[in-house]
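Below is one structure, written out as C-alpha cells; comments come after it.
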Amino acid sequence: MEQRVTRLGTNGLPEAFQQVDLAALAAREGTPLYVYAAPAIRERVRGLREALAGLDAGIRYAVKANGNGAVLRLLAEEGAGADIVSGGELQRALRAGIAAADIVFSGVGKSDAEIALALEVGIGRFNIESRAELDAIQRIAAARGDRAVASVRINPDVDAQTHAKISTGKAENKFGVSIDEARAWFAAKAQWPDVQLDGLHMHIGSQLLSLDPVREALARMAAFWKELDAAGHAIASIDVGGGLGVRYREGEHAPDAREYADAIARALAGFRGRILVEPGRWLVAEAGLVLTRAMLEKHGEQRSFLVLDAAMNDLLRPSLYDAWHDIVRIGGADGRDATTYDVVGPVCETGDTFATGRTLPRCEAGDLVAILGAGAYAASMGSTYNSRPLPAEVMVDGARYAVVRRRQSLEEMLGGEQPATDWKTP
Ligand SMILES: *Cc1c(COP(=O)(O)O)cnc(C)c1O
C-alpha cells in the first residue's frame, strides 16, 4: 500500500475531516473536543489487512491506544481482535463485540482476578512476561480446571530507535524475558501442565519510524522459533507486537503496511502457525484530532504564548515524550500575519506546553485550533488534573458526526468522593 498523502494543502487538515464543518461542530459540542474520523480508521485497518493477506495473520488492536467503544466497534467490524493489558480493557473489548478468542492479554503485571476473568471468558492467548506470571497462570488455571493458551514475551534486546519512554525491547526494560529464560521454560514446560505454552511474542517499542529494529528482532525470534521447533516444541503462534510509527509532522516518513508485512513475511518464511500483529497507534493516531479554542494571547517579555482551552490532561504526549503534534488554525491564515507562539494549556505546569516556538497565523481569543495526530494515546491517557472534566469524543463520517462519549459532567467527575465521616477499622 502506498503511503497516502493524508494532509490537504488548502487548510492543513487530513482528508477525512474535509467534509465536516468543524466550526459548527465546536459550537454545538463545545471544546476541547476529540474528533475521530471513521473513514481514516477504516482505511488503515483495511490497508493493513490487505498487506497481510498472503499470510495467516490476525490483527490484535492495542486497546490502550484508544479504547473508546465506538472506535473498538469499528475495528471489530473490520475484523480486528484486541491486545489488552488490563481487566478493564478486556471488558471494553468484549462489550465492543470482539470475540474473547480474538483477544490476547499482554502486560507485566496481571492480577489473579484479571487472569481468572480472562480464563473465564475464554481469552485467546496470554502473552506471559515473567516466571512469576507463568506460575500464577498455572495455579489459577489448575484451580479452575481450565487450560490457558500462552506465548512467551521475548525481550529480543534490540534498540527500537524511538523515545526512551516507549522503548520496550532492550534487555534493561521491564518487558518480556530473555531467549535463555524462555528456552528454559520450554524445556521444563511439563511443570506447568495447565498452560499450553506454544507461542512467541515480542513488542519492542512504539512510534517506530524505521523497520530495521523490527527486522533485527524478527530475525532473533525466527531463529528461536526454529530452534524450538527442532527441539520438538511446536510453535502455533508468533505475535510480532505493535509499534508501527505514524507521521506526526508534515514531511516525516513513517513505514507503510506493505513494507511492514514484507518484513514479517521474509523473517517468518516457512512458519506454519498463526501470525499476530498488535498495532495501536498506526491504526488510529492520524484519524484523530483535538479541537480546541484559543483562550487568549499573552505576550511575555521573551515569548508569545497562545493559551488554548485544551491542556496536558487532554493530550499528554508533548509533556511526557516531548512529542511533536502539527497544529492548525481552523480557517487557515485568512490574511493574518504569521506569529511565533509557545502553544500552551491553562494547567498550572510549565510542562503544559503543546509546542514551543511554533509559527501559526495570528490567533485571536475564540479562534479554533486543531491539534493533529490525536487519535492515539490522547483520550486514553486523559486525566482530570486541575479538576478539568474529561472532554467529549465524537466520531465523524463524511459530513455527519456522532457523540461517542459525552463530556464528563462536574457531578460525574466528583461522583465517587465523600467527606471523611464514615470511619471504619479495616
Ligand atoms: C502498546 C502495545 C502495543 C501497541 O503499540 P503501538 O505503538 O500503539 O502500535 C502492542 N503490543 C503491546 C504488548 C503493547 O504494550
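In the UniProt record's numbering, the protein residues as written are 1 to 426. Even for Gly, the Cβ is constructed at its ideal location relative to N, Cα and C.
Straight-line Cα distance separating residue j from residue i
i, j, result
"residue 152", "residue 161", "23 angstroms"
"residue 170", "residue 23", "45 angstroms"
"residue 125", "residue 287", "29 angstroms"
"residue 213", "residue 158", "6 angstroms"
"residue 71", "residue 38", "8 angstroms"
"residue 32", "residue 207", "25 angstroms"
"residue 44", "residue 225", "30 angstroms"
"residue 311", "residue 12", "22 angstroms"
"residue 406", "residue 30", "11 angstroms"
"residue 397", "residue 315", "23 angstroms"
"residue 20", "residue 375", "17 angstroms"
"residue 168", "residue 425", "42 angstroms"
"residue 368", "residue 326", "14 angstroms"
"residue 101", "residue 83", "11 angstroms"
"residue 69", "residue 302", "44 angstroms"
"residue 321", "residue 120", "37 angstroms"
"residue 363", "residue 245", "31 angstroms"
"residue 323", "residue 188", "44 angstroms"
"residue 88", "residue 116", "13 angstroms"
"residue 234", "residue 133", "22 angstroms"
"residue 252", "residue 317", "17 angstroms"
"residue 36", "residue 76", "16 angstroms"
"residue 258", "residue 99", "27 angstroms"
"residue 51", "residue 307", "42 angstroms"
"residue 172", "residue 356", "32 angstroms"
"residue 215", "residue 264", "8 angstroms"
"residue 400", "residue 25", "10 angstroms"
"residue 192", "residue 377", "36 angstroms"
"residue 331", "residue 149", "53 angstroms"
"residue 195", "residue 111", "17 angstroms"
"residue 344", "residue 182", "46 angstroms"
"residue 165", "residue 218", "22 angstroms"
"residue 142", "residue 114", "15 angstroms"
Among the options, the one whose alpha carbon lies nearest that of residue i
i, options, result
"residue 305", "315, 294, 312 and 313", "294"
"residue 280", "16, 50, 61 and 56", "61"
"residue 408", "300, 392, 93 and 418", "392"
"residue 249", "333, 285, 274 and 265", "285"
"residue 106", "204, 78, 189 and 79", "204"
"residue 338", "79, 329 and 346", "329"
"residue 57", "274, 132, 231 and 87", "274"
"residue 174", "221, 194 and 129", "129"
"residue 108", "292, 92 and 177", "177"
"residue 209", "218, 412 and 260", "260"
"residue 34", "359, 95, 313 and 360", "313"
Exposure of residue i, with buried meaning 16 or more beta-carbon neighbours within 10 Å
i, result
"residue 373", "buried"
"residue 54", "exposed"
"residue 380", "buried"
"residue 272", "exposed"
"residue 28", "exposed"
"residue 282", "buried"
"residue 228", "buried"
"residue 278", "buried"
"residue 353", "buried"
"residue 298", "exposed"
"residue 348", "exposed"
"residue 185", "buried"
"residue 90", "buried"
"residue 237", "buried"
"residue 156", "buried"
"residue 256", "buried"
"residue 14", "buried"
Ligand 1 heavy atom lying under 7 angstroms from the CB of residue i
i, result
"residue 318", "no"
"residue 282", "yes"
"residue 83", "yes"
"residue 64", "yes"
"residue 433", "For residue 433 there is no data in the structure shown, the boundaries of the chain being 1 and 426."
"residue 213", "no"
"residue 203", "yes"
"residue 130", "no"
"residue 335", "no"
"residue 219", "no"
"residue 244", "yes"
"residue 191", "no"
"residue 279", "yes"
"residue 86", "no"
"residue 47", "no"
"residue 182", "no"
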